[in-house]
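Down below is the structure, laid out as structure tokens.
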Amino acid sequence: MKKIANSVSISLLNFPESILDGILERLSPIELIKMSEVCICLRNKCRSDHFWEIHMKQKWGRVIGHVALKEWQWHVTSITAEEGSVLNQQINNIQNGSLGSFSGAWPMLCLGSYFEECTHLKSLLLSNNFKMALYLSLESGKFWFPAQLFRGLYVHEALLSYDSKTDTFQARTRSGNWRIVGNKIHWDKLRPSLVETSSCVRHVSDCYQDLKLGDHIEIQWRGNTQTPYDWWYAVIGHLDSCNENENYCFCQNSETLVVEFKQYPRGSSMRKTMLRRHNNGEQAENSIGNYGGIRKLRDEEEIEKWKELLDHRL
Numbered sequence: 027m028k029k030i031a032n033s034v035s036i037s038l039l040n041f042p043e044s045i046l047d048g049i050l051e052r053l054s055p056i057e058l059i060k061m062s063e064v065c066i067c068l069r070n071k072c073r074s075d076h077f078w079e080i081h082m083k084q085k086w087g088r089v090i091g092h093v094a095l096k097e098w099q100w101h102v103t104s105i106t107a108e109e110g111s112v113l114n115q116q117i118n119n120i121q122n123g124s125l126g127s128f129s130g131a132w133p134m135l136c137l138g139s140y141f142e143e144c145t146h147l148k149s150l151l152l153s154n155n156f157k158m159a160l161y162l163s164l165e166s167g168k169f170w171f172p173a174q175l176f177r178g179l180y181v182h183e184a185l186l187s188y189d190s191k192t193d194t195f196q197a198r199t200r201s202g203n204w205r206i207v208g209n210k211i212h213w214d215k216l217r218p219s220l221v222e223t224s225s226c227v228r229h230v231s232d233c234y235q236d237l238k239l240g241d242h243i244e245i246q247w248r249g250n251t252q253t254p255y256d257w258w259y260a261v262i263g264h265l266d267s268c269n270e271n272e273n274y275c276f277c278q279n280s281e282t283l284v285v286e287f288k289q290y291p292r293g294s295s296m297r298k299t300m301l302r303r304h305n306n307g308e309q310a311e312n313s314i315g316n317y318g319g320i321r322k323l324r325d326e327e328e329i330e331k332w333k334e335l336l337d338h339r340l
């Protein structure tokens with residue numbers, strides 16, 4: 027019989043770098059971790075930000091925005107600091123966790139984020155494997171990150187923790203005693219925090235003078251000054267004195283801004299509120315609540331999301 031020659035094994039490291047990168051880009055997070063355990067060269071490559079950025083965008087891009095990433099950087103700086111003040115060490119060593127930033131003023135303080143048991147991440151962070159560390163922190167549920175939770179026609183600021191077993195989230199308030207406000211929350215009920223202004227602080231608006239009839243907005247509202255703001259969906263409407271004829275409408279030139287909440291029936295005291303365009307502070311309306319800043323919606327995807335929720339509500 028003809029002797030069959032032993033096939034020569036080929037190492038991944040023998041491939042050109044572009045081909046190797048193409049192979050690694052197709053691996054799942056678990057496969058990347060296993061591959062990183064083969065040798066030092068593959069460990070460094072498989073832990074690099076390039077490959078983990080792909081998985082971050084694919085899975086977490088829907089709920090992790092610039093506000094959450096800023097909080098993440100806060101923890102990176104805190105965890106990797108070789109020396110800190112006695113106060114920082116006392117704060118950040120509570121149960122080996124790390125507190126994020128705070129905003130607002132006592133007693134209305136908002137916590138930006140929280141890290142549970144972060145000491146195991148130090149080796150990854152010191153090796154500059156930031157994206158891998160972030161992905162694993164989110165996947166494990168150790169990183170309570172800031173995001174917004176849809177509740178009907180408004181969104182509530184919360185800290186979210188992921189449960190990989192159920193592919194859902196748990197939510198806590200960002201102020202007060204950080205109590206649980208939701209369990210088994212699905213992905214479609216969440217969105218990233220879109221402004222850096224926390225729910226304890228009035229958002230400084232730059233669009234008051236430009237708002238016109240039909241514009242879609244989100245406006246801060248709270249029941250009283252001792253509670254945090256939520257963001258409510260609304261549209262800019264007509265003054266009561268206007269006949270709503272576009273050829274004779276001068277609502278845009280008025281100092282009074284009409285904010286209309288179409289989820290409420292006509293005639294309801296909650297349907298419309300009148301605000302002053304030239305106002306740098308919170309505006310209160312008797313028996314209804316306090317209004318803060320306004321975001322003018324320019325993104326069509328955002329607007330369509332609210333329209334769908336409004337249609338469902340009606």
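If you want the numbering used here, it's the position in the sequence shown, counting the first as 1, plus 26.
Glycine is no exception: its CB is placed at the ideal position from the N, C-alpha and C atoms.
Quantities reported herein were computed from a predicted structural model and do not represent experimental measurements.
Beta-carbon proximity list for residue i, same chain, < 6 Å, skipping 5 on both sides
i: residue 163; result: 169
i: residue 101; result: 124 and 141
i: residue 133; result: none
i: residue 258; result: 180, 245 and 247
i: residue 61; result: 68 and 72
i: residue 119; result: With a pLDDT of only 47 at residue 119, under 50, the local geometry of the prediction cannot be trusted, and no value is derived from it.
i: residue 262; result: 237, 239 and 241
Sub-8 Å separation of residue i and residue j beta-carbons
i: residue 98; j: residue 160; result: yes
i: residue 299; j: residue 281; result: no
i: residue 210; j: residue 199; result: no
i: residue 254; j: residue 136; result: yes
i: residue 188; j: residue 167; result: yes
i: residue 71; j: residue 50; result: yes
i: residue 234; j: residue 292; result: no
i: residue 155; j: residue 73; result: yes
Nearest-angstrom beta carbon gap, residue j and residue i [assumed within contact, 8 Å]
i: residue 94; j: residue 219; result: 7 Å
i: residue 181; j: residue 321; result: Contact doesn't hold; Cβ gap of about 11 Å is too wide.
i: residue 89; j: residue 216; result: 5 Å
i: residue 231; j: residue 319; result: 4 Å
i: residue 278; j: residue 331; result: 26 Å between Cβ atoms; not a contact.
i: residue 323; j: residue 329; result: 5 Å
Sheet register partners of residue i (DSSP bridge)
i: residue 134; result: 131
i: residue 256; result: 247
i: residue 215; result: Note: residue 215 sits in no beta bridge, so no partner.
i: residue 300; result: 284
i: residue 125; result: 140
i: residue 315; result: 311
i: residue 172; result: 185
i: residue 105; result: In the DSSP output, where bridge partners are listed per residue, residue 105 has none listed.
i: residue 197; result: 186 and 208
i: residue 49; result: DSSP, once it has assigned bridges, lists no residue as partnering residue 49.
i: residue 320; result: 245
i: residue 177; result: 180
Where residue i falls, given that 16 or more other Cβ within 10 Å makes a residue buried
i: residue 42; result: exposed
i: residue 48; result: exposed
i: residue 13; result: This structure does not reach residue 13, given that the chain is present from 27 up to 340, and the question cannot be answered.
i: residue 149; result: exposed
i: residue 111; result: With a pLDDT of 45 at residue 111, under the threshold of 50, the modelled position of that residue is not reliable, and the figure given next carries that caveat. Counting Cβ neighbours within 10 Å, residue 111 comes out exposed, since fewer than 16 surround it.
i: residue 305; result: exposed
i: residue 107; result: exposed
i: residue 145; result: exposed
i: residue 271; result: exposed
i: residue 45; result: exposed
i: residue 223; result: buried
i: residue 314; result: exposed
i: residue 113; result: For residue 113, the predicted model reports a pLDDT of 43, less than 50, meaning its position is unreliable; a value from the coordinates is still stated below. By the neighbour-count rule (16 or more Cβ atoms within 10 Å), residue 113 is not buried but exposed.
i: residue 196; result: buried
i: residue 126; result: buried
i: residue 174; result: buried
i: residue 83; result: exposed
i: residue 333; result: exposed
Neighbourhood of residue i by C-beta, 8 Å cutoff - its chain only, sequence neighbours within 5 removed
i: residue 256; result: 177, 180, 181, 182, 183, 225, 246, 247 and 248
i: residue 316; result: 247, 248, 249, 250, 251, 308, 309 and 310
i: residue 264; result: 239, 270, 275, 277 and 284
i: residue 201; result: 130, 134, 135, 136, 137, 225, 226 and 254
i: residue 339; result: 178, 179 and 289
i: residue 143; result: 121, 122, 123 and 168
i: residue 128; result: 135, 136, 137 and 138
Near the ligand HEM: residue i beta-carbon under 7 Å from a heavy atom
i: residue 161; result: By its list of ligands, the structure shown contains no ligand whatsoever, and the ligand HEM lies outside what it can speak to.
Nonlocal neighbours in the same chain, by C-beta distance under 7 Å from residue i, ignoring five residues either side
i: residue 55; result: 81 and 161
i: residue 77; result: 50, 51 and 58
i: residue 290; result: 296 and 297
i: residue 268; result: 275 and 277
i: residue 260; result: 243, 245, 285, 286 and 287
i: residue 301; result: 283, 285, 309 and 317
i: residue 165; result: 188 and 190
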